[in-house]
Amino acid sequence: MERGKQGGVVVVVVEVVDEEANSGIICGAVKKIVCGGQSGVWTASVIILSIGSWVGRVGPRPADGETAHLTSPKERLETVRQVLSEVPLIDGHNDLPWNIRNFVHNQLADFDFEKDLRQVAPWSKSAWSQTDLVRLRQGMVGGQFWSAYVPCESQHLNAVQLTLEQVDLIKRLIEKYSQHLQFAASSREILEARERGRIASLIGVEGGHSLGSSLAVLRTLYQLGVRYLTLTHTCNTPWAKSSTVEDEDEDGGGLTAFGKTVVQEMNRLGMLIDLSHTARATMRDALRTSKAPLIFSHSSAFAICNSSRNVPDDILKQLAANGGIVMVTFYNYFVKCGSQATISDVAEHIYYIRNLIGVDHIGVGGDFDGINKTPRGLEDVSKYPELFAELLRSGKWNVLDLKKVAGLNLLRVLRQVERVRDDMRTAGMTPSEEYLQDSPDTTGSCALDINSVQRVMEV
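Position one of the sequence shown corresponds to residue 1 (UniProt numbering), numbered consecutively onward.
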């Protein structure tokens, strides 16, 4: 803490640890503190600032809780870059690992992440490629959930094996480019990566079919570093309903009893539960079952675009009560329900969700490298600062709002998930030993019924 006098006013600059987001984040709120002085004890209102100063900028940097009225695009971008230098921008979903499998068969020897892939075939020829280290740095990305995705066609076949291969790929990618990337599996490790100037790299598994209906596989994925599971992708699992069957009768429920056990086991492990791609009934069941906040890693507002991949108002309200977040996605067909969209259209989803449930429940989940139609102005991972500058353009956002959307909200949710895990461990909660009977994963033509095999003892 530093103290000084300026015109009879006590000026105090303080660095504060935000408990909700774990250590290292500057709160950026107005606090009441007691300051000692020669004239006695004074009560002063102090704006908590980061130690980094607003040097070399034109005009004052808006305080965290102060609405920013910046008229020029340059001023808005300068403010955004300062914000993103203080708080890690954490994106909820990127499908680069699947593109590496598609294009080079997971052979990292044939992949140069440090190159601008817009200049490298076959990436340069693909509408599905929007990510490389050059553009991640330009976009000031501080944290990324890399998706371990495998197609629904692998369900009941080799989904578990393929998923393990994708997890292995992500970890090898992080290790190969360790000057830029740092593996993270907790809120604290995200901040540690930021302090070292690395992009915190987390793993999310996209689709419950990757479990093979096995809690043992779920636990193994957690031990390998997976920190969220999307309950379904574009197919139902034997225990959860997907958004692709939204037109079917929802009265039967979204999660079976085993599906609810999956949610409870994820709570016990400390794994984020992702509801993107799930049916509304699955969303509701998960929200009722979970003891920890939930996320939508890449979804937007149904009221603006009525895709089943987006979140309706009643569920957004339940999500706010749960403490979770929706990480707004950029796919044109989920933004404008058509092939054309703009950066302003994405901002409109963020405005809508903020007005409905508050800024504490919003993040960003671009779904880059998993989409082939991107909004004008948000063409790739280099464009995140422009999105935050677009929010500032309205004159209704302040610096603290931007910090929350960028990463503070996700850090808070992850920390709360970790606290629920710790509480359940303290309470003596043990791993669930439930299993799903009569599932195609265990009784299908490609599965061995292990219970029917008698071990032959050699004498």
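All C-beta atoms, glycine included, are put in the ideal place defined by N, C-alpha and C. Just so you know, these numbers come straight off a predicted model, no measurement behind them.
Member of the options whose CA lies at the smallest distance from the CA of residue i
| i | options | result |
| --- | --- | --- |
| D367 | N99, P88 and E78 | N99 |
| L408 | T71, K74 and L89 | L89 |
| I362 | A347, G207 and G370 | A347 |
| L162 | V263, Y149 and L224 | Y149 |
| R415 | V381, T426, L272 and Q340 | L272 |
| L294 | V413, G197, D91 and K396 | V413 |
| T426 | L269, L191, F334 and E192 | L269 |
| L391 | D110, L402, A193 and S382 | L402 |
| E386 | Q138, N102 and R101 | Q138 |
| Q166 | G204, Y331, R188 and C152 | G204 |
| R354 | C337, V335 and L316 | L316 |
| G365 | L77, N94 and E75 | N94 |
| D91 | D116, W146 and E75 | W146 |
| L211 | L157, C337, K176 and F296 | L157 |
| A281 | H298, V80, D116 and T256 | T256 |
| Q223 | L164, D274 and I190 | L164 |
| F296 | P97, A240, Y228 and Q130 | Y228 |
| W123 | L400, L173 and F103 | F103 |
| L436 | G225, S213 and D423 | S213 |
| A185 | I357, V217 and L221 | L221 |
| W397 | E434, G358 and D423 | G358 |
Bridge partner(s) assigned by DSSP for residue i
| i | result |
| --- | --- |
| residue 471 | One cannot answer for residue 471 here, as it falls past the ends of the chain, which runs 1 to 459. |
| R415 | Answer is none; R415 lacks a bridge partner. |
| D91 | Q144 and V364 |
| F296 | V326 |
| V311 | A301 |
| A281 | Note: A281 sits in no beta bridge, so no partner. |
| D274 | T230 and I295 |
| R376 | T342 |
| E206 | Y149 and T230 |
Where the alpha helix (DSSP H) through residue i begins and ends
| i | result |
| --- | --- |
| R227 | From DSSP, R227 is part of no alpha helix (DSSP H) but of the beta strand (DSSP E) over V226 to T230. |
| L191 | S187 to E195 |
| S129 | Where S129 is concerned, there is no enclosing alpha helix (DSSP H), given that its DSSP letter is neither H nor E. |
| R118 | Segment: none, R118 is in no alpha helix (DSSP H) and carries neither H nor E. |
| L397 | Reading off the sequence, residue 397 comes out as Trp, not Leu. Run containing W397: none; DSSP gives neither H nor E here. |
| residue 460 | This structure cannot settle anything about residue 460, because the visible part of the chain is limited to 1 through 459. |
| T71 | Note, T71: premise wrong, no alpha helix (DSSP H); not H, not E. |
| D441 | P440 to T443 |
| F334 | N332 to V335 |
| K260 | A257 to L269 |
| L218 | L215 to Q223 |
| V104 | L96 to V104 |
Close-in-space but distant-in-sequence residues of the same chain around residue i (CB under 7 angstroms, 5 per side omitted)
| i | result |
| --- | --- |
| residue 462 | It is not possible to answer for residue 462, since the shown part of the chain is limited to 1 through 459. |
| I343 | P375, R376, G377, L378, E386, L387 and E390 |
| Y352 | A301, A303 and I304 |
| R135 | D380, V381 and S382 |
| E192 | none |
| K291 | N267 and V420 |
| I325 | I295, H361, I362, G363, N409, L410 and V413 |
Residue range of the unbroken beta strand (DSSP E) whose run includes residue i
| i | result |
| --- | --- |
| D345 | Premise fails: D345 lies in the alpha helix (DSSP H), I343 to I357, not in any beta strand (DSSP E). |
| Q144 | V141 to Y149 |
| I325 | I325 to V328 |
| I174 | Taken as a continuous stretch (DSSP letters only), I174 belongs to no beta strand (DSSP E), being part of the alpha helix (DSSP H) at A159 to K176. |
Cβ shell of residue i (< 8 angstroms), same chain only, five flanking positions each side left out
| i | result |
| --- | --- |
| I350 | V328, I362, L391 and V405 |
| C152 | G207, H209, H233, T234 and C235 |
| G56 | With a pLDDT of only 31 at G56, under the threshold of 50, the placement of this residue in the model should not be trusted; the figure read from the coordinates follows. No residues qualify anywhere along the chain. |
| G52 | Note that G52 scores a pLDDT of 34, beneath 50, so its modelled location is shaky; the value from the coordinates is reported in the next line. Hits under 8 angstroms: Q82, S85 and E86. |
| S339 | N332, Y333 and K373 |
| R194 | G24, P88, G142, G143 and A200 |
| P312 | R280, F302 and A303 |
| Q38 | Because the pLDDT at Q38 is just 32, under 50, the model does not fix this residue reliably, and the value given afterwards should be weighed accordingly. None. |
Status (buried if at least 16 other CB within 10 Å, exposed otherwise) for residue i
| i | result |
| --- | --- |
| H105 | exposed |
| T261 | buried |
| R284 | buried |
| K125 | exposed |
| T430 | exposed |
| D178 | Strictly speaking, residue 178 in this sequence is Ser, with Asp absent from that position. It is exposed - the Cβ of S178 has fewer than 16 other Cβ atoms within 10 Å. |
| K336 | buried |
| D345 | buried |
| K74 | exposed |
| A341 | buried |
| P97 | buried |
| residue 461 | Outside the modelled stretch of the chain, which goes from 1 to 459, sits residue 461, for which no answer is possible. |
| E189 | buried |
| R198 | buried |
Proximity test, residue i beta-carbon vs the ligand PLP heavy atom, cut-off 7 angstroms
| i | result |
| --- | --- |
| M424 | Among the components of this structure there are no ligands whatsoever, and the ligand PLP is therefore not found. |
Neighbourhood of residue i by C-beta, 6 angstroms cutoff - its chain only, sequence neighbours within 5 removed
| i | result |
| --- | --- |
| T442 | none |
| L133 | F113, E114 and H180 |
| S432 | L215, T261 and E265 |
| P440 | H156 |
Beta carbon proximity, residue i to chain D, threshold 8 angstroms
| i | result |
| --- | --- |
| E265 | Checking the listed chains, one finds no chain D in this structure; it contains a single protein chain. |
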